[in-house]
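Protein chains in written order, with the numbering used here: chain A, 1 to 465; chain B, 466 to 876. By construction, the Cβ of each residue, glycine as well, lies at the ideal position given by its N, Cα and C atoms. If you're wondering where the values come from, they're calculated on a predicted model, not measured in any experiment.
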Amino acid sequence: MVLKVVLFLLLVLNMLFYSDSYFREDKIFNLTKDSYRDRQSDLDLAIFGSSHAYSTYDPRIFETELNLHSFNFGGSAQRLLTGLPLMEEVVGKNELKIAVVDIFDMSVQHDSLGENSRMLQLQTFDNTEFSFTKVKSFSTIFSFKKLLDIFPTLRNHGSWFELVGKSPHIPKDDADFYKGYVSKFESFDSQTWERFLTKVAKRKKEIPKALAKSESKIIDKVISVFQSKGIPLIFVNAPSYNYQHDKRYQAYQHLIGDYVVSQGFDYIDYNLLTDKIGLKKADFKDPNHLNPKGALKVSAHLSDFIKRNYSIPNRENIEFDQNRYDLISENFKNSTLKFEDLGEQISSKANINAVYVFKTSSYGYELVFRQSDSDVNNVHVKLKFGIDDEDKKKHLEMFGEQSMDGNIVKHYPFLRRDQSILYKGSRYSIYQFRAPYDNIMDMELYVGPKRDLKIFDSINIKQKN
Amino acid sequence: MISLFVNLGFLVYFKYANFFIESFVDSFSLFGIALEISTLEIILPVGISFYTFQTLSYTIDLYRKKIEPAKDVISFFAFVSFFPQLVAGPIERASHLLPQFYIKHKFDYSLVKSGLLLMAYGLFKKMVVADRAAVYVNSVYNNVEDHNGLSYLYATVLFAFQIYCDFSGYSDIAIGASRTMGFDLMKNFDAPYFSKSLTEFWRRWHISLSTWFRDYVYIPLGGSRKGKYRTYFNLFLVFLVSGLWHGAAWTFIIWGALHGIVLVFEKAIYKSKEPFFKRLGLSNENLSNRMFFGTLTFFIVCLGWVFFRANGLDDALTVTQGIFTDISVNEIFAIENYTIGFNINEFKILMLSILLMLTFEAYYKRRSVINRLNKQSVIARWSFYLIVVMYIAIFGIYGETTTKEFIYFQF
């Protein structure tokens, strides 16, 4: 009888676990976790942290430079306490060779969180497998009496119609997504900076003299997750454009840095290395987050640091065919389309020497424009393609804007020189476009001030989704 | 006598004092005399009408020597304050419940299982049907002037299901919870909306209250033993008192009076109805007859619910008038009438759930669903239990912002 009761309760729990995936709200971390699920159990390098982590450490670089399967588990406003069950889950399912944890004042604080911050923790909790640690972390942040809210099914049941049957989270065309890494090829203007400074001025000012007990305790817990499996751990702090303006932030980072170093771990505060690695304002998407251009610089430094300080056995013969940096290193050997002989006109008027097209892991394709490093300025781009009726019915609302002739047209205003990246001695501008279609027909690409310089037309691509 | 006065005294003070004061002041104002008597600031104890009646039945049964005095004070207070049914019944009789406190109850798996199933059914009725219907009903009845005749009709029919599922859902949870502990509580509802007359309806609706009024008011008044007209009067009076029991408001009194009048009418024509039907070659069990009288009864009950639910007499009259005079066929196809307070998908779930409940109750009348379920394979049974749990978890209305009390907690 007792066995029957326990079995039935387990069945109910299982039903809830099953239905929970349908009741998650549409958040970027769903895509991160879904993307991880396809690859789990062969990770070598894992990165944890908040949005600072997911916009700074690009797994493409670690894959290319270190030849390691890498993944970024950063989640918006993710506290270390929230990430703890996720770390345990990842450590339990993979034989990690090294882990990186991004750490700063907000990530170690989890007491008395505001309503918004608490809600943001849910996207990580909803995408973490059930465990005792998850229950403990959840009840610490939300209180024990709200424990049933740990199940998205019970928490969001009232929105059953909107949530069940919803489409998977799709990154926008301008989002650069790769294995948990998320950012945009954009930078911020002076107005944004002014607004940001006003916001910062309203924050708490008192300079901390020591870490609170709960703060050092959560760091200890994180350490023990990796130490128990003998996984090397590096603590890092992503750069912030306002670091120099925020004394409290600086003081906190010193305390955190001193603490983790005293525990015997490497700690890199990238705010202190901005000159060394050449970080500029144009490398920031906003005052707190890097764009892919800045992420490339920090990730390259970190991968070099790991290479020099840790003896991690390389994997051999891994193919990273969706990784732009690996493709660049391999001279675009595995790209879907390759156009290298573009002629003098395109080269001189649009400063484009070659164009590569390849399929990414996030519902679409990436266009990589190789440019010379001369002073040619912004270039307009027009991409046009057709899809069959079946795909129109299935996906069009989500992915495209239809033109008069029924095709999909995407106009990219500029290939902005200040947002292009410099890698392996060449300059590249990158655009991603979402296209989860089975057949892409009559694809055309034009560039130039009037978008009249043809790169290609009448190209068909068949893909399986 | 002391017990009666104390019990009724508390009930009258807490529940009716302000009503009598207001009515007293209103009566004088009719003659142009403005009395300045302020009403009392009273917090009504939850479920006072239920445990007062339960205690009264103990006192009266003891006086009539129908029961023995409680063997110990703990058993007596446990009988009065038995937590599953304390706040909204069923109103138990001492002869039935009190002896159950004298015996030791052992864990009984089959009782626990059937109790939990009954609780699940009660939760389904309360959380899925009643609280979902309440969204529509409250939107219409709390803003009567903003709606049309068809939405009044829908809101009233939905209120019929809301109040049934709310109240019988509570009873099921109370009976089920008691059963898990080995206690047997009386049946309080028996598929009342399948009744073919109002007389039958009252044999199936809030059975513990109907039988209480029958035993402690109707029969002591003479019942049907003192002639035809006295019987009619007794019947009418019982329902007037029943209306007043539900609340100190004129709408409840009108609700009680309406039921009383229809019951008197049914009683008056009962004897002449049978020969009339026979002459037409109709049988009471004839399907069309059952459907006709079933629908008529449901309609009369719904008419009563208008007064029961309305926020005041004016609203009740507006709704009644709207139902009879302000419905056009075109409105039936207007989606706006189905999306008041929620979206069309919620309405569809509500309809599906009501249909499931009615099917279940129609089936349950003929045979025991639980017995039939027990004969199925473990996979079928467990699948059924899981579906029920998940259906309630997903389609139930619950959570911090939507917590709703049971309607009968206020009585």
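- Annotation for Y310(A): I98 and P232 place their beta carbon closer than 7 Å to its own, counting only its chain and skipping 5 residues before and after.
- Around the beta carbon of Q244(A), fewer than 16 other beta carbons lie within 10 angstroms, which makes this residue exposed.
- H289(A) is bridged by DSSP to D286(A).
- In the DSSP assignment, Q244(A) falls outside any beta strand (DSSP E) and carries neither an H nor an E.
- Within chain B, the residues placing a beta-carbon under 9 Å from that of S19(A) are M855, A858 and I859, ordered along the chain.
- Taking C-beta separations shorter than 8 Å and ignoring five residues to either side along the sequence, the partners of A722(B) in its chain run F701, F704, L705 and G708, following chain order.
- Within the segment 831-847 of chain B, those residues whose Cβ lies closer than 8 Å to any Cβ of chain A are, in chain order, W847.
- Boundaries of the alpha helix (DSSP H) around E215(A): K213 to Q227.
- Within chain A, the C-beta atoms nearer than 7 Å to that of N810(B) come from F161, in chain order.
- The beta-carbon separation of V90(A) and L154(A), rounded to 26 Å, does not stay under the 8 Å limit for a contact.
- DSSP places L16(A) inside the alpha helix (DSSP H), whose first and last residues are V2 to D20.
- One alpha carbon belongs to S329(A), the other to F305(A), and they sit about 20 Å apart.
- For the pair E88(A) and F71(A), the Cα-to-Cα distance works out to about 15 Å.
- Contact annotation: E63(A) and N323(A) have beta-carbon atoms nearer than 7 Å.
- Note that the C-beta distance between T716(B) and F789(B) is not below 7 Å.
- The DSSP-derived three-state label of R370(A) is strand.
- Distance check between F849(B) and each of L11(A), M1(A) and V2(A) places L11(A) closest, using alpha-carbon atoms only.
- Residues of chain B whose Cβ lies closer than 7 Å to the Cβ of L233(A) do not exist, since the nearest Cβ in that chain is about 39 Å away.
- Looking at F23(A), Q78(A), R427(A) and F332(A), the one whose alpha-carbon comes closest to that of S167(A) is F23(A).
- At least 7 Å separates the beta-carbon of Q250(A) from that of N237(A).
- Going by C-alpha positions, F339(A) is about 38 Å away from L273(A).
- The beta carbon of N699(B) lies closer than 7 Å to those of Y683, L686, G687 and G688 in the same chain, with the five residues before and after it left out.
- The shortest C-alpha to C-alpha distance from I628(B) to any of W770(B), V834(B) and D791(B) is the one to W770(B).
- Inter-residue distance for K732(B) and T760(B) is about 19 Å (C-alpha atoms, whole angstroms).
- Within the segment 324-350 of chain A, no residue places its CB atom closer than 8 Å to a CB of chain B.
- Chain-order list of chain A residues neighbouring L851(B): L11, V12 and M15, by C-beta distance under 7 Å.
- Cβ-Cβ distances below 6 Å link E390(A) to nothing in the same chain once the five nearest sequence neighbours on each side are left out.
- Between D611(B) and A559(B) the beta-carbon gap is near 49 Å, outside 8 Å, which marks them as no contact.
- Counting only runs that start and end inside the segment 118-181 of chain A, the beta strand (DSSP E) elements of at least 3 residues fall at 175-178.
- For M1(A), the closest Cβ of chain B is nearer than 7 Å.
- According to the DSSP assignment, K693(B) belongs to no beta strand (DSSP E) but to the alpha helix (DSSP H) extending over K693 to H711.
- A direct Cα-to-Cα measurement between A585(B) and L163(A) gives close to 25 Å.
- Residues of the same chain with a CB within less than 6 Å of the CB of K349(A), apart from the 5 flanking positions on each side, are G448 in chain order.
- Going by C-alpha positions, V108(A) is about 32 Å away from S19(A).
- Uninterrupted alpha helix (DSSP H) stretches at least 4 residues long and entirely within the segment 520-608 of chain B occur at 538-545, 559-562, 574-588 and 596-606, given in chain order.
- For N460(A), the three-state secondary structure derived from DSSP is strand.
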